[in-house]
Amino acid sequence: MAEHDGPPMRPGQKVRHAQVALQAQMRKFDPIDALFGKKNAPLARKRKAGAATEDRWATKRIQMVSTSVNIGPDVLSPKHNNPAACLDGLPGELLLDIFEHLPKPALARLSRMNKKLRGFADEKLYSTLRWEDMGEKARRGFVHSIGRKAELAALVKTIEAEYDVKNVDWTTYKKAVEVKRKDKQKWDEKKPRKIVEEEDLTGREARLLDLALNAATNVQTLVIVDQSVMMTRRHLGNEFWWMDLLVSAAQGTPVGPSHAFAQLKTLSIVSPYCNLPFEKLSDILSLPSLQEATIKGVFQTESVEDLGSHKKSSSVKRLVLKGFLHSDAVTQLLSSCHTLEHFTYTYTTATFEPLNFDSPKGVWAEHSWATIGKALATQKDSLQSLQLYYDVDPDIAQLANPKVADSQFYDDADPDTVTEENTEGVNLGTLGSLKAFPKLQIVAAPIDALAGPDDDLPVMAERLPAGLEMLDLRIDGNTQLKPEMCGAAVGSLAKHPQGLNAVHVSVGLQVKVCKLELSGAVVALNKAGVEAPVTRRPSHRVGYYIEDLDNVGVDEEYEDMGNAYCYESDDPDEVDEE
Numbered sequence: 001m002a003e004h005d006g007p008p009m010r011p012g013q014k015v016r017h018a019q020v021a022l023q024a025q026m027r028k029f030d031p032i033d034a035l036f037g038k039k040n041a042p043l044a045r046k047r048k049a050g051a052a053t054e055d056r057w058a059t060k061r062i063q064m065v066s067t068s069v070n071i072g073p074d075v076l077s078p079k080h081n082n083p084a085a086c087l088d089g090l091p092g093e094l095l096l097d098i099f100e101h102l103p104k105p106a107l108a109r110l111s112r113m114n115k116k117l118r119g120f121a122d123e124k125l126y127s128t129l130r131w132e133d134m135g136e137k138a139r140r141g142f143v144h145s146i147g148r149k150a151e152l153a154a155l156v157k158t159i160e161a162e163y164d165v166k167n168v169d170w171t172t173y174k175k176a177v178e179v180k181r182k183d184k185q186k187w188d189e190k191k192p193r194k195i196v197e198e199e200d201l202t203g204r205e206a207r208l209l210d211l212a213l214n215a216a217t218n219v220q221t222l223v224i225v226d227q228s229v230m231m232t233r234r235h236l237g238n239e240f241w242w243m244d245l246l247v248s249a250a251q252g253t254p255v256g257p258s259h260a261f262a263q264l265k266t267l268s269i270v271s272p273y274c275n276l277p278f279e280k281l282s283d284i285l286s287l288p289s290l291q292e293a294t295i296k297g298v299f300q301t302e303s304v305e306d307l308g309s310h311k312k313s314s315s316v317k318r319l320v321l322k323g324f325l326h327s328d329a330v331t332q333l334l335s336s337c338h339t340l341e342h343f344t345y346t347y348t349t350a351t352f353e354p355l356n357f358d359s360p361k362g363v364w365a366e367h368s369w370a371t372i373g374k375a376l377a378t379q380k381d382s383l384q385s386l387q388l389y390y391d392v393d394p395d396i397a398q399l400a401n402p403k404v405a406d407s408q409f410y411d412d413a414d415p416d417t418v419t420e421e422n423t424e425g426v427n428l429g430t431l432g433s434l435k436a437f438p439k440l441q442i443v444a445a446p447i448d449a450l451a452g453p454d455d456d457l458p459v460m461a462e463r464l465p466a467g468l469e470m471l472d473l474r475i476d477g478n479t480q481l482k483p484e485m486c487g488a489a490v491g492s493l494a495k496h497p498q499g500l501n502a503v504h505v506s507v508g509l510q511v512k513v514c515k516l517e518l519s520g521a522v523v524a525l526n527k528a529g530v531e532a533p534v535t536r537r538p539s540h541r542v543g544y545y546i547e548d549l550d551n552v553g554v555d556e557e558y559e560d561m562g563n564a565y566c567y568e569s570d571d572p573d574e575v576d577e578e
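In full-length UniProt numbering, the protein residues as written are 1 to 578.
Structure (structure tokens):
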């Protein structure tokens with residue numbers, strides 16, 4: 001505000017004088033000219049000067065001084081006084097932790113800010129390709145992106161895919177297409193269109209997995225789930241590109257130097273309907289970098305003299321195997337492992353097709369605990385955990401082998417069928433002594449895999465290692481021991497050396513618990529300081545505890561449950577049926 005040379009003004013006059021001066025400045029100022037840097041764009045500034053007229057009360061002249069205003073990068077993106085307070089100034093480790101909690105849309109926006117943020121954002125955006133987290137359009141866009149840009153494909157560390165392939169007779173498949181003429185009249189006859197390629201309607205997800213695995217050369221975790229209900233031409237001919245990529249890399253002939261899968265550490269291949277051949281997948285376990293492998297739902301019903309995997313060395317430390325497999329195939333696989341620490345094997349007949357003579361699953365796969373026990377001897381210096389499960393329906397086993405007798409644990413067992421000849425026909429043998437396994441701490445197995453029916457006094461304590469901490473035993477309709485021998489075998493564990501903490505006994509739903517004579521064995525184990533819970537379970541892992549061991553027969557409530565599952569609970573009525 002300009003200085004006043006006259007007599008002192010009252011407060012109201014001062015305010016009015018300031019408003020008049022400000023309005024004069026605003027009339028002279030053009031904001032458009034100042035915005036575009038135009039010269040002579042006026043910015044008001046007052047200049048002290050003498051009186052222009054003799055009138056001492058006249059206002060002073062206001063001189064306008066021009067200046068230019070430039071709008072550039074410095075104005076739009078000003079430099080911060082503290083760069084460390086921005087994302088660009090944060091260390092990379094902290095940025096990765098922050099990006100872990102951001103959703104994908106936010107990461108996508110950050111990737112367009114600058115090169116530094118793009119690198120960290122892309123690392124999170126493209127690190128995992130999980131089928132269940134994306135729709136079909138998003139999956140295809142993801143795979144096409146890593147297929148076009150090798151730098152994005154190198155960021156993919158985890159792939160979790162699943163697909164479903166179906167058989168379709170494409171030779172007779174026709175789709176009627178209505179063709180319109182230019183004169184807007186229709187043809188009298190419809191033109192049939194024949195679809196030749198199978199990829200048009202089925203197998204698209206399997207093909208998408210092929211493309212993803214072909215591009216992602218640095219993948220570390222690979223999970224593949226084959227949801228195909230029936231075996232297709234692809235399964236019979238092994239026409240899966242992802243399978244060829246892995247097998248060729250394991251055999252030392254990778255498809256190009258970038259497809260050796262040198263960083264693959266965890267592999268999981270699951271086929272719920274048991275449609276994948278084990279003969280070809282076994283070679284994958286010889287990948288040099290592979291540490292953990294899970295193969296479920298495979299079949300190998302016939303003995304193979306040369307499986308191929310036993311000729312190579314495998315560095316797998318944790319192996320989970322489940323399927324309808326011949327014991328010779330399991331033996332050759334174990335012979336290729338030299339540092340195996342955890343081994344879980346489930347022999348299952350869930351997908352056995354006894355009436356389908358044209359299917360490879362229509363042949364009975366021979367199983368023997370004695371054969372597997374000999375193969376485990378090669379892992380005695382490294383094995384820490386051993387879990388063996390025998391998931392066989394007694395009715396299916398009797399259908400495949402007429403010599404199989406009705407279980408002597410059932411109420412409706414026919415005593416005429418339980419003969420010495422029949423018992424010898426189903427003898428699976430035992431694992432033998434495990435005393436030579438110094439690092440073995442956990443063992444889960446059917447009770448007859450540790451104590452055979454030919455043993456007069458089954459003393460399992462003499463066959464178990466001194467460092468064993470936990471033992472899980474299974475007694476069901478497939479058990480070959482006599483009921484009274486089961487209690488004697490469990491009671492012998494009270495003489496086991498110090499170190500055994502718990503002995504868990506799992507009893508099948510249709511087994512007479514009172515016949516097993518387990519009460520005395522449980523008391524002896526408790527006196528020795530060993531916990532000995534006994535549970536009632538349809539399978540090996542889930543169930544409820546049994547308190548009265550002397551008065552429990554067959555559970556009438558559960559004898560017709562089929563494949564129902566009971567969860568860990570004290571309430572026997574808490575059952576979840578599928």
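Even glycine gets a Cβ: it sits at the ideal position worked out from N, Cα and C.
Under the three-state reduction of DSSP, M230 is assigned to coil, being neither helix nor strand.
Take the alpha-carbon of S506 and the one of A206: they are about 40 Å apart.
Exposure of G252 is indicated by the presence of fewer than 16 other C-beta atoms within 10 angstroms of its C-beta. Two segments are said to touch when three or more pairs of C-beta atoms, one from each, lie closer than 8 Å; by this definition the region 266-286 touches the region 233-252. For H144, the enclosing alpha helix (DSSP H) covers residues E136 to R148. Per DSSP, the unbroken alpha helix (DSSP H) holding K115 starts and ends at K115 to L125. Shortest Cα-Cα distance from V330 to any of F278, V223, H338 and V143 involves F278.
Nearest to H367 by alpha-carbon distance, out of N114, Y389 and G119, is Y389. Residue E162 holds the alpha-carbon nearest to the alpha-carbon of G203 among N214, T217 and E162. Closest in C-alpha terms to V363, from the list D391, T301, H338 and T371, comes T301. In the three-state DSSP reduction, R207 falls in the helix class (H, G or I).
Here R474 is buried. Its C-beta has 16 or more other C-beta atoms within 10 Å. In the DSSP assignment, T371 falls within the alpha helix (DSSP H) that extends over W369 to L376.
F352 is the residue among Y126, F352 and F357 whose C-alpha sits nearest the C-alpha of D395. With contacts defined by Cβ atoms closer than 9 Å, R463 and G508 do not form a contacting pair. In this structure F343 is buried. Its beta-carbon is surrounded by 16 or more other beta-carbon atoms within 10 angstroms. Classified as buried, R139 has 16 or more neighbouring CB atoms from the shown chains inside 10 Å of its CB. CA-CA distance, A521 to K527, rounds to 10 Å.
Nearest neighbour of V223 by Cα position, chosen from A260, T294, F240 and D244, turns out to be T294.
With the rule of 3 Cβ pairs closer than 8 Å, the region 255-275 counts as touching the region 225-241. The C-beta of L96 has fewer than 16 other C-beta atoms within 10 Å across all chains shown, which makes the residue exposed. Approximately 3 Å separates the beta-carbon atoms of G487 and E517; this is inside 8 Å, confirming the contact. Around the beta carbon of A108, a 10 Å sphere encloses fewer than 16 other beta carbons of the protein chains shown; the residue is thus reported as exposed. In this chain, L287 is not harboured by any beta strand (DSSP E), its DSSP state being neither H nor E. Cβ neighbours of E484 within its own chain (closer than 6 Å, five residues either side excluded): E517. If you keep only unbroken beta strand (DSSP E) runs of at least 3 residues inside the region 312-395, you get 318-325, 342-348 and 385-391.
Ranked by Cα distance from F324, the options A215, V513, A365 and E292 are led by A365.
A direct Cα-Cα distance of roughly 15 Å separates L209 from Y126. Of the other Cβ atoms in all chains shown, 16 or more fall within 10 Å of the Cβ of G452; this residue is therefore buried. For A216, the closest C-alpha among the options F142, P360, L386 and T535 is that of F142. With contacts defined as CB atoms closer than 9 Å, I269 and K312 fail to qualify as a contacting pair. Considering only C514, M460 and M470, the residue with the shortest C-alpha distance to G491 is M460. The shortest C-alpha to C-alpha distance from T128 to any of L110, L90, K116 and N218 is the one to N218. A check of alpha carbon separations from T221 across L428, Q384 and T266 identifies T266 as the nearest. Rounded to the nearest angstrom, the Cβ distance from V320 to L340 is 11 Å, too far for a contact under 8 Å.
Distance between R112 and R118, taken at the CA atoms: about 6 Å.
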